[in-house]
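Undergrad:
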Amino acid sequence: MIEEILRLKKEKEAIILAHNYQIPEIQDLADFVGDSLELARKASQVKDAKIIVFCGVKFMAETAKILSPDKKVLLPDLDAGCPLADMAKYQDVLKMKEKYPDAWIVSYVNTNADVKSISDVCCTSANADIVVRNVPAKKIIFLPDKNLCWYVKQKVSEKEIICWDGYCFVHRKFTVEEVKKAREKYPNAEIIVHPECDPEIQKLADGIYSTSGMLKRAKESNSKIFIIGTEEGLLHRLKKENPEKEFYSLGSGKICPNMKKITIEKLYLSLKEEKYEINLKPDILEKAKVSLERMLEYV
Ligand code: SF4
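Going by the working numbering, the first residue of the sequence shown is number -13, and it counts up by one from there.
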């Protein structure tokens, strides 16, 4: 099946993008592996590809379509959604906009395209604090992740920030007990966690990083052992890129079942039958593009 995937990819002039949380076999097959925005940017820079197969969840494939509207973007399983993104619904965000007309809506990239289209600006977990600090508004509505919002509040105390009540159920599974046990077992290890983890976990960690930030930190740090507080798929890349270092999941490995919906077989069928194509209404696409591109003005 892997040989067939490679053949179809060439024949159809396709590229395969895989998120850091995908299963190792898919990461190894992909042309690029990264976080959602790195991948979407990559897709828009590849001039000769006609098809982008996005191995990740739906909002990521949508983001790739927004930044590469002329390409055919495929998601191998349409049920691969993100419960966090679904916690900010279009109508509810509109109501918040009406309630706080002078506030800027800052949307984490983990939002659906319709919500991006009514946001003032987007951000990633790597730049959320910088975007919030630099936008020309004193009042911010930050959505959808309340833990990332808490992290931003610690860094940007000069602004009034209203947090949306969403969360990632995968990152919320990390416990204080797991951090304490990891410290006992690996006293020399560096514990790094994602800002989608609960504030109690963030406070106990040695550092808080996005997935791309964790990859950078693992390379640059003198530590030899790392305890990783994010979805366990990232460990594959951390180990591959730093074979001389050791990486362990914080507590039991935390798995995002949505990310794991993409299998080699579904990837093969996606390429073969060119399914499932991501299409967005032109006005949603155009407006969402503005909020994504505006992010670059504030970082
Ligand atoms: S890990 Fe959390 S935020 Fe990421 S896709 Fe899964 S549910 Fe969504």
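Think of the CB as a built atom: it goes at the ideal place given N, C-alpha and C, for glycine as much as any other residue.
Which of helix, strand or coil does DSSP assign to I16?
TA: It should be noted that the sequence gives Ala, not Ile, for residue 16. Three-state DSSP puts A16 in coil, outside helix and strand.
Undergrad: Quick one: what does DSSP say L64 is sitting in, helix, strand or coil?
TA: Note: L64 maps to coil in three-state DSSP.
Undergrad: Can you tell me the Cα-Cα spacing of P10 and S22, whole angstroms?
TA: Each residue's alpha carbon lies about 17 Å from the other.
Undergrad: What three-state label does DSSP hand I91 in the structure shown?
TA: DSSP places I91 in strand when its eight states are reduced to three.
Undergrad: Just curious, the beta strand (DSSP E) that K125 is in, first and last residue?
TA: Residues K125 to L129.
Undergrad: Just the C-alpha distance for D106 and A35, rounded to the nearest angstrom, thanks.
TA: Rounded to whole angstroms, D106 to A35 spans 30 Å at the Cα level.
Undergrad: Following the continuous beta strand (DSSP E) through A4, name the residue where it begins and the one where it ends.
TA: Element bounds for A4: A0 to H5.
Undergrad: Taking just the CA atoms, how far does I147 sit from W90?
TA: So the two alpha carbons sit approximately 10 Å from each other.
Undergrad: Could you tell me the alpha carbon to alpha carbon distance between S207 and E230, rounded to whole angstroms?
TA: Answer to the nearest angstrom: the Cα atoms are 12 Å apart.
Undergrad: Can you find a heavy atom of the ligand SF4 that lies under 8 Å from the Cβ of A71?
TA: Within the cutoff, so yes.
Undergrad: Based on the DSSP secondary-structure assignment, which residues constitute the bridge partners of V179?
TA: In DSSP, V179 forms a bridge with I194 and G215.
Undergrad: Which residue comes first and which comes last in the beta strand (DSSP E) that contains C41?
TA: It spans I37 to C41 - the beta strand (DSSP E) in which C41 sits, taken as one unbroken run.
Undergrad: Cutting at 6 Å between CB atoms, please list the residues of its own chain near D17, excluding the five before and the five after it.
TA: Here the set comprises I1 and I2.
Undergrad: Spatial neighbours of S95 within its chain, please: CB distance less than 6 Å, with the 5 preceding and 5 following residues excluded, ordered by chain position.
TA: Going by the sequence as given, residue 95 is Val instead of Ser. Around V95: S22, L23, C108 and T110.
Undergrad: According to DSSP, is V165 helix, strand or coil?
TA: Here V165 sits in helix by DSSP.
Undergrad: Taking 8 Å as the threshold, find out whether the segment 56 to 70 comes into contact with the segment 243 to 255 through three or more Cβ pairs.
TA: They touch, by the three-pair rule.
Undergrad: Shorter than 8 Å, the distance from the beta carbon of M245 to the closest heavy atom of the ligand SF4, or not?
TA: Under cutoff, so the answer is yes.
Undergrad: Taking the alpha-carbon positions, what's the F289 to E186 distance?
TA: Examination of residue 289 is not possible in this model, given that the chain is present from -13 through 285 alone.
Undergrad: Mind checking which residues open and close the beta strand (DSSP E) that includes F233?
TA: F233 -> beta strand (DSSP E) spans E232 to S235.
Undergrad: Write down the C-beta distance between S209 and E176 rounded to the nearest angstrom, noting that I regard them as a contact closer than 8 Å.
TA: The pair is a contact, with the Cβ atoms about 4 Å apart (cut-off 8 Å).
Undergrad: Which word fits G239, buried or exposed, when buried means at least 16 other C-beta atoms lie within 10 angstroms of its C-beta?
TA: Exposed.
Undergrad: With DSSP as the reference, label K33 as helix, strand or coil.
TA: Coil, per DSSP.
Undergrad: Using the rule of at least 16 other Cβ atoms within 10 Å of the residue's Cβ for burial, across every protein chain shown, is R223 buried or exposed?
TA: By the 10 Å Cβ count, R223 comes out buried.
Undergrad: Using 10 angstroms around the beta-carbon of E(-12), count the other beta-carbons present and answer buried if the total reaches 16, otherwise exposed.
TA: According to the sequence displayed, residue -12 carries Ile and not Glu. Result: exposed.
Undergrad: Would you call N6 buried or exposed, if buried means 16 or more other Cβ atoms sit within 10 Å of its Cβ?
TA: Classification for N6: buried.
Undergrad: With a Cβ-Cβ cutoff of 9 Å, do I241 and E218 count as a contact?
TA: Yes; because the gap between Cβ atoms is below 9 Å, this pair is in contact.
Undergrad: Across the segment 160 to 171 and the segment 130 to 143, are there enough close Cβ pairs to call them in contact, namely three or more that are closer than 8 Å?
TA: Not touching, per the Cβ criterion.
Undergrad: Is the beta carbon of K258 less than 9 Å from the beta carbon of E(-10)?
TA: Cβ atoms of K258 and E(-10): closer than 9 Å.
Undergrad: What's the gap between the Cα of L53 and the Cα of G20?
TA: Their backbone Cα atoms lie some 16 Å apart in a straight line.
Undergrad: Residues in the same chain with beta-carbon distance under 8 Å from S277, minus the five sequence neighbours each way, listed in chain order, please.
TA: The residues are S93, K102, S103, S105, D106, V107 and C108.
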